[in-house]
Every structure is written in structure tokens, then in C-alpha cells.
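Peer 1: So the sequence lines, in the order shown, correspond to chains A and B.
Using this note's numbering, the letters of the first sequence correspond one by one to residues 1 to 267.
Using this note's numbering, the letters of the second sequence correspond one by one to residues 1 to 250.
We treat Cβ as the ideally placed atom computed from N, Cα and C, and that holds for glycine.
One structure, pasted below without further comment.
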Amino acid sequence: MSRINQAIHDIHYLDEMAERDTGLCRIHPLAKVIVTIWYVALTVSFDKYNLTGLAGMCLYPVILMILGELPVRRALVQLRPVLLVVCLVGIANPFFDRNVLFFIAGIPVTGGVVSMLTLVFKALLAITASYLLIATTSIGNICAALRMLHVPKILVTLVMLIYRYIILMLKEAQRVTEAYSLRAPDEKGIRYKVWGTLAGQMLLRSMDRAQAVYESMSLRGFTGEYRLKGMDRDRGKSRWYAVFWCAALAGLRTFPLFEAVGRMLGM
Amino acid sequence: MRKIEINGLTFRYGSRDRGQTEPVLKDAVLSVEDGESVGIIGANGAGKSTLLKILVGLLPGYSGTVQVCGMDVVTQNLSSIRRKAGYVFQDSDSQLFMNTVYEDVAFAPRNYGMSEAEVEERTLEALRQTGIEGLKDRHIYRLSGGQKKLAAIASVLSMGAGLLLMDEPSAALDPGNRRNLIHVLNRLPGTRLTASHDLDFIYDTCERTVLLSEGAVIRDGKTEEILRDEELLVAHGLELPLSFRFMKGV
Numbered sequence: 001m002s003r004i005n006q007a008i009h010d011i012h013y014l015d016e017m018a019e020r021d022t023g024l025c026r027i028h029p030l031a032k033v034i035v036t037i038w039y040v041a042l043t044v045s046f047d048k049y050n051l052t053g054l055a056g057m058c059l060y061p062v063i064l065m066i067l068g069e070l071p072v073r074r075a076l077v078q079l080r081p082v083l084l085v086v087c088l089v090g091i092a093n094p095f096f097d098r099n100v101l102f103f104i105a106g107i108p109v110t111g112g113v114v115s116m117l118t119l120v121f122k123a124l125l126a127i128t129a130s131y132l133l134i135a136t137t138s139i140g141n142i143c144a145a146l147r148m149l150h151v152p153k154i155l156v157t158l159v160m161l162i163y164r165y166i167i168l169m170l171k172e173a174q175r176v177t178e179a180y181s182l183r184a185p186d187e188k189g190i191r192y193k194v195w196g197t198l199a200g201q202m203l204l205r206s207m208d209r210a211q212a213v214y215e216s217m218s219l220r221g222f223t224g225e226y227r228l229k230g231m232d233r234d235r236g237k238s239r240w241y242a243v244f245w246c247a248a249l250a251g252l253r254t255f256p257l258f259e260a261v262g263r264m265l266g267m
Numbered sequence: 001m002r003k004i005e006i007n008g009l010t011f012r013y014g015s016r017d018r019g020q021t022e023p024v025l026k027d028a029v030l031s032v033e034d035g036e037s038v039g040i041i042g043a044n045g046a047g048k049s050t051l052l053k054i055l056v057g058l059l060p061g062y063s064g065t066v067q068v069c070g071m072d073v074v075t076q077n078l079s080s081i082r083r084k085a086g087y088v089f090q091d092s093d094s095q096l097f098m099n100t101v102y103e104d105v106a107f108a109p110r111n112y113g114m115s116e117a118e119v120e121e122r123t124l125e126a127l128r129q130t131g132i133e134g135l136k137d138r139h140i141y142r143l144s145g146g147q148k149k150l151a152a153i154a155s156v157l158s159m160g161a162g163l164l165l166m167d168e169p170s171a172a173l174d175p176g177n178r179r180n181l182i183h184v185l186n187r188l189p190g191t192r193l194t195a196s197h198d199l200d201f202i203y204d205t206c207e208r209t210v211l212l213s214e215g216a217v218i219r220d221g222k223t224e225e226i227l228r229d230e231e232l233l234v235a236h237g238l239e240l241p242l243s244f245r246f247m248k249g250v
């Protein structure tokens, strides 16, 4: 399977995951969106040297993976390209912050290394939380929840259309590259001389299709508001879900769980 | 009551200052009565799709008068017109954008603020009318071309639209799916306007036909009369339908 094909397949896979009838998928999207936002906000609020405190925040994605019956290995594979970018984010830190914080087996560990690890870890957790939200809630329901939070209509529509646009663009990219490779069978990739032309073609064609999708939506009464199935079910459970996680995450943020466990074990 | 009333319709893409002055539709006249099934035929570029898009307000900036269900096609009436006139795109992939068939067919009733019970009733009825009840939980991208076309029609029927506008509905369908679509359309109540250059399909689904050529209405009459007129069809870039050619040969 080509990489483009794989990417299209991955998006469809996420859509299918979100449509499953699991306990986590049945939770009201508003509860899941609030908890995710709360989690990301708390995660990024950790001090740049507080790596052990941050470790406690791993509990949330781990528990959700189990509750949502999500395949961990597949999730990691799907997140692989993003994780690479995340690793690049903090790579410059060790060069700027050379202040030695502690030694491990006689090797000095600088503030730059710790802050780099913290940054990467924060990004990793935030991205995983977003992935978990998408894998358990359809994009339409996420948009509906965002509207309930009074996020401006234009921004929510933008989120929805970008999500749809990614699929359209990938499909157009697939068509263009297939058409190219069929007429240039001896070439391994796409010759750099035609990159510009192909990218332009792909963009124009995907814009045409995106326009058609938007027209189809507006012809069926779409005005930027989302009214989707299942928005009113399991309200009681959803409320408890939101309350429990908001409290638990606040507890993890204020109480250094891993340090306490270490102290209890005499480490 | 007239469902469609068009007088002196002229439309051109682009703007005069960009030099694109050749009109796609020239002084077109057409009226469609309630319950009629009308085929719009013509060669590529005759203006068939443009005409349908104007009727649902996707292409503003025309001159002449266009009325759909008694309302002028102007910005302030678009919401009401679009509730009464459903447009089926030529490319079903552009029309279907939700994850599952049910969600897509239920999209319009939900947007029109109906209760969940009514949404379900309308959605299931539209799926039944198009014979795809069994596909309601299927993901859109797992559907075949024929199933996508039926889902696209169902997504419009669920709005309760009394006027169905279809752009090349038989395009890219295999004979079996095409035959199935003909059966489905012939069972549907309401008014239909079908743009196509598949003349056999028009013969099977429409009692009246309008021939468009270079943006003008050339002939308007009974389907059989127009489709039997080989000279007329050839003069406007079409051919005698296969079924008529066969009969002629026999």
C-alpha cells in the first residue's frame, strides 16, 4: 500500500473507531472535549524541569486506551510522524541551558536535557490526548461540542472543513501520483521538475472538490450549527465522567504522585 | 402549481472585465408542472449542469427570471427553495461527506431542526425508498458507485423535497446499478428534472424532454418524439439512443 493510501486508510480507520459502540464512545462529546482541554492545559502548565510530576499525567491516556479498547501499537504507529516533529521541537535546549542539575552514575545531566525531555513529554501527552479524543468521538460530534462551548461558528466550520479537506487532498494526491507513475513507469518517484505543476494541479482539484462538498452541505441546510446523533444520551454518566477526570487530573497536577510512590518505596 | 418557471435566463461564468463574455445559457425558457418528470439533454457544455445549479442558487448573477416552487431564486429565498428542491450531484463523492450512510441521510433533517424521532423516521423512509435500508450503518467510503448514488438520492429525499434535480445520475454506473436506479426513480413521487446525455436513461425515466444546445432551448416536447428525431439529435451533438437504433435496425 502506498503512503498516501495508508494515510487515507488511517483517517478512515479513526472515523470507524469513533463510530464504535463502546462505553467511552457513548460519553457525551462535550464531556470528552472539556476533559481533553483541561488535560492539555494542565500538562503544559508543568515546570520545565518537573519531569517526575509530568509522569503522573500518563495515567489518563493509559486508562483511556484501556477503556476505549484502543490498540496501543497502532496508535503509536499512527502518531509516528507527529512524534518525530515533537522530538525536533526541544532539540536545541541542551545547547542553550548547560546548567548541571544532577548526576546519574557520574554523568552530569544539564537543565537543557531535562527541559528538552519535559517538552517532548508534554507534547507527546498532549498529542496522545487529542488522538484519543478523535479516536472516540466523530469529527461532527467534536464540532458540535465546540459550538456548545461557544467557540465561534467560523472557527468550528474551519476545523470541520480542514478535516474533510485533508481527505480530499490525499485522494487527489493519490490520483495525481497514480496518473504520473502510470505514464512514467521507469521513474522511482516524481521528478522534481514537475513537482510544482503537480502540486498546483492537486491544489486546484482538491479546492474544486472542497467547494462541491461545501455546496452539498449548504444545500442541505448547513448553517454552521451541528445537530448530531447521540448528543443527548448518557448525560448522567457523561457528567460524572467530566467531574471525575477534571478532579483527578487537578489532583495529579498538584500532588506529585510518582515522587510520593518513590518516597513510600524508600527510593 | 408550477414547480419551475424560467424566462429569458442568460448566464455567463466569470465577469465581463475578464473577457469571459460568452454566455453558457442564452435566453432560456422552461416551465415544469408539479409531478412532471423532465429530462434535460444536450452535448457536453450545453448548459445542463449550469441550469440545475442556478435553480438551487449555487450560481448567482444570472439575468432573466427564475422561479422555483413559486419563489424567485434570490439570496433571501434560498433557504426555503433548498428545503423544497433537492440537488443530486454528478459526483456522489462530493455529495456524501458524513461517516455513515445513516448520518449522511439524516444530515438535512437534523439541520432543519427536526426532533430525533422525526429525523429517524424520515431517514429510514428515504433509505427504504431507495432500497438501501441494509446499508444504513455502512461507512460511505465502503460503498460501491451505485450504492453511493442511491445514498446521495436518499440524502436529498430525507429533506422531503418535492422537486428532485439530478445531474448525470447514471454517469459511471454499471448496467445493473443503472437499471436499479431507473426502477428507484420511477417509483419516486414528486417532480423530477434530470440532466443527462444518457438518452436511454432519459427515455426510461422521463416523459418530457428539453433539448439544450449552446445554452439555448432548442426543443421541448414528449421524450419519445425528441429522441426519435435523429436529424435533430445529430445536429446538436447527440446520437439516436441505443434502443431506438436497435429498433430501427430491426
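Give the secondary structure of S181 of chain A by DSSP, where H, G and I count as helix, E and B as strand, and everything else as coil.
Peer 2: Looking at S181 of chain A - three-state DSSP - the assignment turns out to be helix.
Peer 1: With distances taken Cα to Cα, identify the nearest neighbour of R220 of chain A among B:Q90, B:A108 and B:L59.
Peer 2: The residue with the shortest Cα to Cα distance from R220 of chain A is B:A108.
Peer 1: Can a CB atom of chain A be found closer than 9 Å to the CB of Y62 of chain B?
Peer 2: No, its Cβ sits nowhere closer than 9 Å to a Cβ of chain A.
Peer 1: Taking the DSSP output, what are the residues bridged to H12 of chain A?
Peer 2: DSSP lists no partner for H12 of chain A.
Peer 1: Contact between the region 22-32 of chain B and the region 206-215 of chain B is defined here as three or more beta-carbon pairs at a separation below 8 Å; is this criterion met?
Peer 2: Touching, yes, given that three or more Cβ pairs across the two stretches are closer than 8 Å.
Peer 1: Return no unless some Cβ of chain A is closer than 9 Å to the Cβ of Q95 of chain B.
Peer 2: By this cut-off, Q95 of chain B is an interface position.
Peer 1: For a cutoff of 9 Å on Cβ pairs, would you count R175 of chain A as touching chain E?
Peer 2: In the displayed structure, chain E is absent; the protein chains listed are A and B.
Peer 1: So with CB distances below 7 Å, who are the chain B contacts of M217 of chain A?
Peer 2: The contacting residues are F97.
Peer 1: Report the residues of the region 48-75 of chain B with a CB closer than 7 Å to any CB of chain A, ordered along the chain.
Peer 2: Those residues of the region 48-75 of chain B that come within reach of chain A (Cβ to Cβ, closer than 7 Å) are V56 and L58.
Peer 1: How about the region 211-219 of chain A and the region 79-99 of chain B: do they share at least three Cβ pairs that are nearer than 8 Å?
Peer 2: Contact holds: three or more Cβ-Cβ distances are below 8 Å.
Peer 1: Please report how far the alpha carbon of L181 of chain B lies from the alpha carbon of A210 of chain A, in whole angstroms.
Peer 2: Computed Cα separation, rounded: 27 Å.
Peer 1: Return helix, strand or coil for Q201 of chain A, following the three-state DSSP convention.
Peer 2: Reduced to three states, the DSSP call for Q201 of chain A is helix.
Peer 1: Who are the Cβ neighbours of I54 of chain B in its own chain at under 8 Å, not counting the five residues just before and after it?
Peer 2: Only L9, F11, L25, Y62, V66 and V73 meet the Cβ criterion.
Peer 1: What distance in whole Å lies between the Cβ atoms of M1 of chain B and G70 of chain B, which are believed to be in contact at a cut-off of 8 Å?
Peer 2: Right, the Cβ-Cβ distance comes to about 7 Å (below 8 Å), so this counts as a contact.
Peer 1: In or out: N7 of chain B buried (at least 16 other Cβ within 10 Å) or exposed?
Peer 2: Looking at its Cβ environment, which holds fewer than 16 other Cβ atoms inside 10 Å, N7 of chain B is exposed.
Peer 1: Runs of 3 residues minimum, wholly inside the region 156-185 of chain B: which ones carry the beta strand (DSSP E) assignment?
Peer 2: With a minimum length of 3 residues, the continuous beta strand (DSSP E) runs that stay inside the region 156-185 of chain B are 163-167.
Peer 1: Please report whether the beta-carbon of V213 of chain A lies at a distance below 9 Å from any beta-carbon of chain B.
Peer 2: Yes - at least one Cβ of chain B is within 9 Å of the one on V213 of chain A.
Peer 1: For the structure I just gave you, are there three or more beta carbon pairs, one from the region 109-126 of chain B and one from the region 139-158 of chain B, closer than 8 Å?
Peer 2: Segments in contact, yes.
Peer 1: As a quick exercise: from B:D229, B:H236 and B:A235, pick the residue whose alpha carbon is nearest that of R245 of chain B.
Peer 2: Of B:D229, B:H236 and B:A235, the residue nearest in Cα terms is B:D229.
Peer 1: What is the C-beta distance between A195 of chain B and K48 of chain B, in whole angstroms, given that I count them as a contact (C-beta under 8 Å)?
Peer 2: Indeed, because the Cβ distance is near 4 Å, the residues count as touching under 8 Å.
Peer 1: Quick check on L25 of chain B: does DSSP put it in helix, strand or coil?
Peer 2: Looking at L25 of chain B - three-state DSSP - the assignment turns out to be strand.
Peer 1: Within its chain, find whatever has a CB closer than 8 Å to the CB of G145 of chain B; leave out the 5 residues flanking it on each side and keep chain order.
Peer 2: If we look at G145 of chain B and ignore the five residues flanking it on each side, its Cβ neighbours are S92, A172, L173, D174 and N177.
Peer 1: Within this structure, are the beta carbons of L185 of chain B and L227 of chain B separated by less than 9 Å?
Peer 2: In this structure, L227 of chain B does not lie closer than 9 Å to L185 of chain B by Cβ.
Peer 1: Between G190 of chain A and L198 of chain A, how many whole angstroms is the CB-CB distance? I'm expecting something under 8 Å.
Peer 2: First, the residue type needs correcting, since residue 190 of chain A is Ile and not Gly in the sequence shown. Confirmed, Cβ separation roughly 6 Å.
Peer 1: Taking Cβ positions only, does A126 of chain B come closer than 9 Å to chain A?
Peer 2: Cβ-Cβ to chain A under 9 Å: no for A126 of chain B.
Peer 1: Check each candidate in A:E225, A:P185, A:I166 and A:K188 and name the one with the smallest Cα separation from L203 of chain A.
Peer 2: It is A:I166 whose Cα lies nearest to the Cα of L203 of chain A.
Peer 1: Is there contact between the region 121-134 of chain A and the region 21-36 of chain A, where contact requires at least three CB pairs shorter than 8 Å?
Peer 2: At 8 Å Cβ cutoff, the stretches touch.
Peer 1: With Q174 of chain A and I8 of chain A assumed to form a contact (beta carbons below 8 Å), what rounded beta-carbon distance in angstroms separates them?
Peer 2: The Cβ separation is near 7 Å, so the contact holds.
Peer 1: Quick check: what's the CA-CA separation for H183 of chain B versus G200 of chain A?
Peer 2: Between H183 of chain B and G200 of chain A, the C-alpha separation is close to 42 Å.
Peer 1: Using a cut-off of 7 Å between C-beta atoms, extract the partners of D27 of chain B located in chain A.
Peer 2: Simply none; closest approach about 26 Å.
Peer 1: Tell me, please, which residues DSSP counts as bridged to Y226 of chain A.
Peer 2: Y226 of chain A pairs with nothing; no bridge assigned.
Peer 1: Select from the region 146-165 of chain B all residues with a C-beta closer than 8 Å to any C-beta belonging to chain A, and list them in chain order.
Peer 2: So the close ones are S155, V156 and M159.
Peer 1: Just checking: is the beta-carbon of T254 of chain A within a distance shorter than 9 Å of some beta-carbon in chain B?
Peer 2: No, because no Cβ of chain B sits closer than 9 Å to the Cβ of T254 of chain A.
Peer 1: Please determine, among B:E239, B:Q147 and B:D137, the residue with the shortest C-alpha to C-alpha distance to R20 of chain A.
Peer 2: It is B:D137 whose Cα lies nearest to the Cα of R20 of chain A.
Peer 1: Using 8 Å as the threshold, is the region 114-129 of chain A in touch with the region 40-52 of chain A, meaning 3 or more CB pairs across them?
Peer 2: As far as the Cβ criterion goes, the region 114-129 of chain A touches the region 40-52 of chain A, which means the pair count is three or higher.
Peer 1: Using only the alpha-carbon positions, how far apart do I142 of chain A and L88 of chain A sit?
Peer 2: Each residue's Cα considered, the two are about 29 Å apart.
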